[in-house]
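Numbering (this note's numbering), first residue to last: 80 to 751.
A virtual CB, placed ideally from N, CA and C, is assigned to each residue, including glycine.
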């Protein structure tokens, strides 16, 4: 009924309102149910629907808002009904988007810019679900860049970068046009010049799948020297680090070292320069050249150790750089684990197992005997456990990064998967080939990738898994030479993918923290709270959730999980046989904050005399039910004292005197 009314109404304002409702509904699951319930799947049948007819009529309307809603509906239909043949609808969507792009990119009014944002968002969505349309969309954007207004230029560059990060559509032949545009921006006098330089540099970095040529780097640096300030150069260097162009990033960071007034900023830039140099060292890795790989990793580790020292110096109490330090330390340990694995493989090559190792393994029933001396020393098993431990620590870093964007979290997840991949390869090729299971690892490559870095990492994962599975099935038993070659080449393949330092490493868009207050609490933190051992301590925990300028940008807090535990620090008095349940306190409660405030209470027992250490740790649960270990962790001390009556009874028993009836009654009444 709404479609029919919109088709026949002569009033543009009424049609605009109805189209706004329909375009919103078309972005939900309702559109798929609407088309799946209709008879037939051919495009000619789809054209008969009122919704499609309305969208096709409106996408060329002279009212920009109506046209934008029309192409948005066509885009949502194409994205939701991918199993249908909707070629005419796709063409109408592309033509409508191109016409709106031409119309709005040359108008700098607020209404035109709002329509342009809708148009570019639809372009990214359409290319994501229909990759065969990417080339025509990208060519339209590049063509229109030459005549677009400055405000539109920035939005179009962001759109180009978003498309290129999903699909490798920017060919090397387009770099020439991009560099000409970059020179043109450098000579312009517009007030948006700095933003334009950053936006177009991002597109250039994304389009350069390999290392930047010296000519491109020269052009970018010349324009930055002539037309930009230090902040613009830093933003471009940051984008280069995100896209894996570490050579360019290192040069820009180094040029900025003398332009900062704070020593913290100096150490921050110096650490970024060292990290970029470390990753640049890994670009020279070559397959089957293991000695060169060890040299490159050693050089990278040297720069990483310099960088982590500068990063520690750059941290302040207000900005402790916890995520950055944790990420870099794990990267250092991962490189050390890779280096140790290659050394172990080289040792196995120089000291191969004896000729009768296979017979010994079959006779003894211990398959590890096939690897001879190395397996007996448990070097390979130690490497496997080390990679699994690193994977666990990457998981802990993931859980502690509540405020991180999705791309940063995916980057941490990829590092974790690389550790699990190598540990699985060691187990499948060396330690336990018979029970190797490839099913749980083979499904990881089916997920949709969101960036070029993720695409390359997933390609390496799939290639390594195929090689390991092929060796596992081809050789019986697996040849140790082929096994160690496969392991070393897997390490080199992973390191050859330039590491991406994502947004959260540089920028914290969402800030969430929890502040806890415990009562009772001592005046002096080192002073314990006195409690009698026949009483319970009522510990009240209050908390406030503190937000930054953009609360809930990536995820919101649904509830707070409070965990209270106690550990006996020092025991005083005699040892008694006390049930194990009374010796420890382990409690957990979940509370929902109201106006960012929450409170709850815990009843704790301290039967054993002595000093107890109570730890209260908080974590948050988001709206999806995922637990994030955000902290903080607060500690107080409790001293459990013997109650007076028990103390008196014990002293009388030691002196051989029975306790008086009157004292017992008075003590009993006093206890109540």
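Residue i bridges to which residues according to DSSP?
i: residue 718; result: 609 and 690
i: residue 646; result: 692
i: residue 571; result: Note: residue 571 sits in no beta bridge, so no partner.
i: residue 596; result: 621
i: residue 475; result: BP columns for residue 475 are empty, so no partner.
i: residue 707; result: 699
i: residue 204; result: DSSP output for residue 204 lists no bridge partner at all.
i: residue 713; result: 695
i: residue 664; result: 645
i: residue 591; result: 626
Buried or exposed: which applies to residue i, given that a residue is buried once 16 or more other Cβ atoms fall within 10 Å of its Cβ?
i: residue 675; result: exposed
i: residue 577; result: buried
i: residue 293; result: exposed
i: residue 121; result: With a pLDDT of only 49 at residue 121, under the threshold of 50, the placement of this residue in the model should not be trusted, and no figure is reported.
i: residue 352; result: buried
i: residue 305; result: exposed
i: residue 87; result: exposed
i: residue 347; result: buried
i: residue 628; result: exposed
i: residue 473; result: buried
i: residue 152; result: buried
i: residue 720; result: buried
i: residue 453; result: Residue confidence is low: residue 453 scores 49 on pLDDT, short of 50, so the model does not pin down where it sits. Its coordinate-derived value is still stated next. Classification of residue 453: buried, given that the 10 Å Cβ count is 16 or more.
i: residue 732; result: exposed
i: residue 340; result: exposed
Which residue wins for smallest C-alpha separation from residue i, given the options the options?
i: residue 97; options: 641, 505, 137 and 113; result: 137
i: residue 705; options: 380, 479 and 418; result: 479
i: residue 359; options: 154, 193, 597 and 377; result: 377
i: residue 189; options: 666, 370, 228 and 159; result: 228
i: residue 254; options: 147, 464 and 282; result: 282
i: residue 182; options: 394, 156 and 223; result: 223
i: residue 494; options: 462, 460 and 532; result: 532
i: residue 90; options: 142, 102, 132 and 101; result: 142
i: residue 610; options: 179, 718, 580 and 172; result: 718
i: residue 693; options: 723, 499, 712 and 566; result: 712
i: residue 418; options: 178, 291 and 570; result: 570
i: residue 649; options: 691, 602 and 724; result: 691
i: residue 603; options: 582, 678 and 714; result: 714
i: residue 683; options: 623, 637 and 617; result: 617
i: residue 385; options: 723, 95, 99 and 404; result: 404
Kindly indicate which three-state DSSP category residue i falls into: helix, strand or coil?
i: residue 295; result: helix
i: residue 305; result: helix
i: residue 486; result: helix
i: residue 669; result: strand
i: residue 49; result: An answer regarding residue 49 cannot be provided, because it is not within the stretch 80 to 751 covered by the chain.
i: residue 122; result: In this prediction, residue 122 has a pLDDT of 41, which is less than 50 and means its spatial position is unreliable; what the coordinates show is noted afterwards. Helix, per DSSP.
i: residue 637; result: strand
i: residue 193; result: helix
i: residue 395; result: coil
i: residue 581; result: coil
i: residue 723; result: helix
i: residue 493; result: helix
i: residue 33; result: Residue 33 is absent from the structure shown; the chain starts at 80 and stops at 751.
i: residue 602; result: coil
i: residue 358; result: helix
i: residue 140; result: coil
May I ask which residues mark the beginning and end of the alpha helix (DSSP H) holding residue i?
i: residue 224; result: 213-224
i: residue 339; result: Per DSSP, residue 339 belongs to no alpha helix (DSSP H) and is neither H nor E.
i: residue 94; result: 91-105
i: residue 173; result: 166-184
i: residue 419; result: 401-429
i: residue 237; result: 229-245
i: residue 154; result: 143-159
i: residue 188; result: No alpha helix (DSSP H) contains residue 188, which DSSP labels as neither H nor E.
i: residue 329; result: 325-335
i: residue 259; result: 254-266
i: residue 129; result: 129-137
i: residue 274; result: 272-286
i: residue 85; result: 81-87
List the endpoints of the continuous beta strand (DSSP E) containing residue i.
i: residue 625; result: 615-626
i: residue 479; result: That residue, residue 479, is in no beta strand (DSSP E); it is neither H nor E in DSSP.
i: residue 680; result: 676-684
i: residue 108; result: Run containing residue 108: none; DSSP gives neither H nor E here.
For residue i, decide whether its Cβ has a neighbour in chain B, counting only Cβ atoms nearer than 8 Å.
i: residue 104; result: Protein chain content of the structure displayed is limited to a single chain, and chain B is not contained in it.
Heavy atom of the ligand MG less than 7 Å from the Cβ of residue i, yes or no?
i: residue 382; result: Ligands displayed in this structure: none; no statement on the ligand MG is therefore possible.
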